[in-house]
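Peer 1:
Protein chains: 2
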Amino acid sequence: MLSKGRIKELTSLHLKKYRSARNMFLAEGDKLVREAIRSSAQVEEIFAMESWAGAEKAIQSGIPVTFTGERELKQLCELKSPNEAVALVHMPKHIIEEVEFKGHWNIYMDRLRDPGNLGTIMRIADWFGLERIICSPDSVEPYNQKVIQASMGAVFRIEVIAMEEDVMLAQARAAQVPIYAAAMGTLSIDTLAAGPEGIVLMGNEAQGLSNKLLEAADQRISIPGKGAAESLNVAVAAGILMHWIQRG
Amino acid sequence: MLSKGRIKELTSLHLKKYRSARNMFLAEGDKLVREAIRSSAQVEEIFAMESWAGAEKAIQSGIPVTFTGERELKQLCELKSPNEAVALVHMPKHIIEEVEFKGHWNIYMDRLRDPGNLGTIMRIADWFGLERIICSPDSVEPYNQKVIQASMGAVFRIEVIAMEEDVMLAQARAAQVPIYAAAMGTLSIDTLAAGPEGIVLMGNEAQGLSNKLLEAADQRISIPGKGAAESLNVAVAAGILMHWIQRG
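Those sequence lines, one after another, are chains A and B. Residues in the first sequence are numbered consecutively from 323, following our numbering. Residues in the second sequence are numbered consecutively from 323, following our numbering.
1) Output the distance between the C-alpha atoms of residue 327 of chain A and residue 337 of chain A, rounded to the nearest integer angstrom.
2) Considering residue 510 of chain B, what are the terminal residues of the beta strand (DSSP E) in which it resides?
3) I believe residue 427 of chain A touches residue 547 of chain A by the beta-carbon criterion, under 8 Å. Please report the beta-carbon distance rounded to the nearest angstrom.
4) Run down chain B in chain order and give the residues with a C-beta less than 7 Å from the C-beta of residue 448 of chain A.
5) Just to make sure I have the definition right: I need the residues of chain A whose C-beta is within less than 9 Å of the C-beta of residue 464 of chain B. Which are they?
6) Would you say residue 504 of chain A and residue 559 of chain A are within 8 Å of each other, going by their C-beta atoms?
7) Does residue 512 of chain B get closer than 8 Å to chain A when you measure Cβ to Cβ?
8) So, at 6 Å on beta carbons, what are the nonlocal neighbours of residue 564 of chain B in its own chain, with the 5 sequence-adjacent residues on each side left out?
9) Which residue comes first and which comes last in the alpha helix (DSSP H) that contains residue 490 of chain A?
10) Is it buried or exposed for residue 576 of chain A, if we count other Cβ within 10 angstroms and need 16 for buried?
11) What are the complete alpha helix (DSSP H) segments, minimum 4 residues, inside the segment 415-464 of chain A?
12) Report the three-state DSSP secondary structure of residue 543 of chain A (helix, strand or coil).
13) Please list, in chain order, all residues of the same chain as residue 353 of chain A whose beta carbon is under 8 Å from its beta carbon, the five residues on each side excluded.
14) I need the straight-line Cα distance from residue 511 of chain A to residue 568 of chain B, nearest angstrom please.
15) Strictly below 7 Å CB to CB, what residues from chain A border residue 524 of chain B?
16) Mind pulling the chain B residues with CB within less than 7 Å of residue 442 of chain A?
17) Along the segment 341-362 of chain A, what residues have a CB closer than 7 Å to any CB found in chain B?
18) With a threshold of 8 Å, are at least 3 pairs of Cβ atoms found where one atom belongs to the segment 481-493 of chain A and the other to the segment 363-379 of chain A?
19) Are any of the Cβ atoms in chain A nearer than 8 Å to that of residue 426 of chain B?
20) As a quick exercise: from A:402, A:359, A:393, A:392, pick the residue whose alpha carbon is nearest that of residue 382 of chain A.
21) Can you find a C-beta in chain B that's less than 8 Å from the C-beta of residue 381 of chain A?
22) By the criterion of Cβ-Cβ separation under 7 Å, what are the contact partners of residue 545 of chain B in chain A?
23) Just verifying my parser: in three-state terms, what is the DSSP assignment at residue 524 of chain A?
24) Taking CB distances under 8 Å as the criterion, tell me whether residue 397 of chain B reaches chain A.
25) Only counting runs of 4 or more residues, tell me where the alpha helix (DSSP H) segments fall wholly within the segment 325-361 of chain B, in order along the chain.
26) Using 10 angstroms around the beta-carbon of residue 514 of chain B, count the other beta-carbons present and answer buried if the total reaches 16, otherwise exposed.
27) Just how far apart, CA to CA, sit residue 273 of chain A and residue 396 of chain A?
28) Counting only Cβ pairs nearer than 9 Å, list the residues of chain B close to residue 454 of chain A.
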């Protein structure tokens, strides 16, 4: 049983301002809670129905499990589909002053707006073994429940770092890694090998990259197309570019 | 002004059974309606607010435009975001008996469930210049409004064909094109050139390909990964595979 006060405290995490203030978020659903347990994420507590099959694993990992009724659990959830478990997880620090650019590949998302896109991009990074996604500070917040769900657990493994574009550009330049801007109709990635390090700048869903970022890049690159579509979905483009990066 | 009967008749198209019975669907929103006008799709009629800037173009193209009030237009729409225009469009035939396999590349989706994924995959095909997507008959219906929206207009240019797997396999074999199954942990696409023709079989979001389709393939192929993610989103995987196809 959860007290009314506790439920209120937990559901306040459905709002970004309370997540930010408390540095905590909720991950909903059996699959995500299991991913949280097996990751290095710091899980504070799990709320679950008694029927939930993951409870033993959680307790073995030293995570307290509080059993709740179906109705209480539903109150904790933003998703409408019924869930058996919800985890209360500490946010890793995601505003970091300095990122390793030398010898690494990074992706910088300029004003990414759609939570499904950010979650999908985290999942892609997790597939290809990138360590992080860097976002402009006005991008969608990574602990939005839609982001978490679309990430399929990548939220527990991939760092999402908010970084001002000037700071990112200065660090990438200081590290002397090539800066690529994804921009349609420019040099095809099929004619260029990705090399061992660099950063790819990708633009907002509707507006693409800002002129400032386009001009800051050493090289503009594009995914060659021959159909009639105006553009690719940004997560699909990120997938093709991360595959290009990993081909080297 | 639309009569109550007309509004009822149009909103019945929000349901798949009425779309199928009447072979018509609604495309909502300025961008999609403009795409419908400039495509070869057969547009029966457009319903729009008087302020809609696309009316002239529609009338020039010989499409009747019926002006409606904001409230009426809202009634016609499934989307909550306000729209200025809605088009009533004839479905192209999408249950076709025979597809050209020889000299072409095709994608076959096995039990694709998510409308956003199908729309995104249509948009990718439209980008890379594929002519069609073949789906198993139990896949999501392509005239679902979420599919249409995610397709960003590709719904007017890309054929979506429902085809039983046995029919597809028989035709691909008769045409002697290679049959590839997308399956994790198999031969990396980075070690294989796509060649001039073939078909790629892709599986359901949760279950992947059926054993039958896996075994029917000449070659299993995969997107190499080195991170911790269990899988890629199916639309992202389709994007990487269509890029592989177009590289040749």
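We put the beta carbon where it would ideally sit given N, CA and C, even for glycine.
Peer 2: Checking against the coordinates, here is how it stands:
1) 16 Å
2) 501-510
3) The pair is not a contact, with the Cβ atoms about 23 Å apart (cut-off 8 Å).
4) Within 7 Å Cβ-Cβ: 549, 550, 551.
5) Correct list: empty, because the minimum Cβ distance to chain A is about 16 Å.
6) yes
7) yes
8) Taken in chain order, the residues that qualify are 446, 450.
9) 487-496
10) Nothing can be reported for residue 576 of chain A: it is not among the residues displayed for chain A, which extend from 323 to 570.
11) For the segment 415-464 of chain A, whole alpha helix (DSSP H) runs of length 4 or above, ordered along the chain, are 437-450.
12) strand
13) Non-local beta-carbon contacts of residue 353 of chain A in its own chain, meaning distances under 8 Å to residues more than five positions away in sequence, involve 474, 475 in chain order.
14) 12 Å
15) Simply none; closest approach about 14 Å.
16) 555, 558
17) none
18) no
19) no
20) A:359
21) At a cut-off of 8 Å between beta-carbon atoms, residue 381 of chain A makes no contact with chain B.
22) Neighbours of residue 545 of chain B on chain A, chain order: 565.
23) strand
24) The beta carbon of residue 397 of chain B sits no closer than 8 Å to any beta carbon of chain A.
25) 326-333, 338-344, 352-360
26) exposed
27) Only positions 323 to 570 of chain A appear in the structure, and residue 273 of chain A is not among them; the question remains open.
28) Correct list: empty, because the minimum Cβ distance to chain B is about 12 Å.
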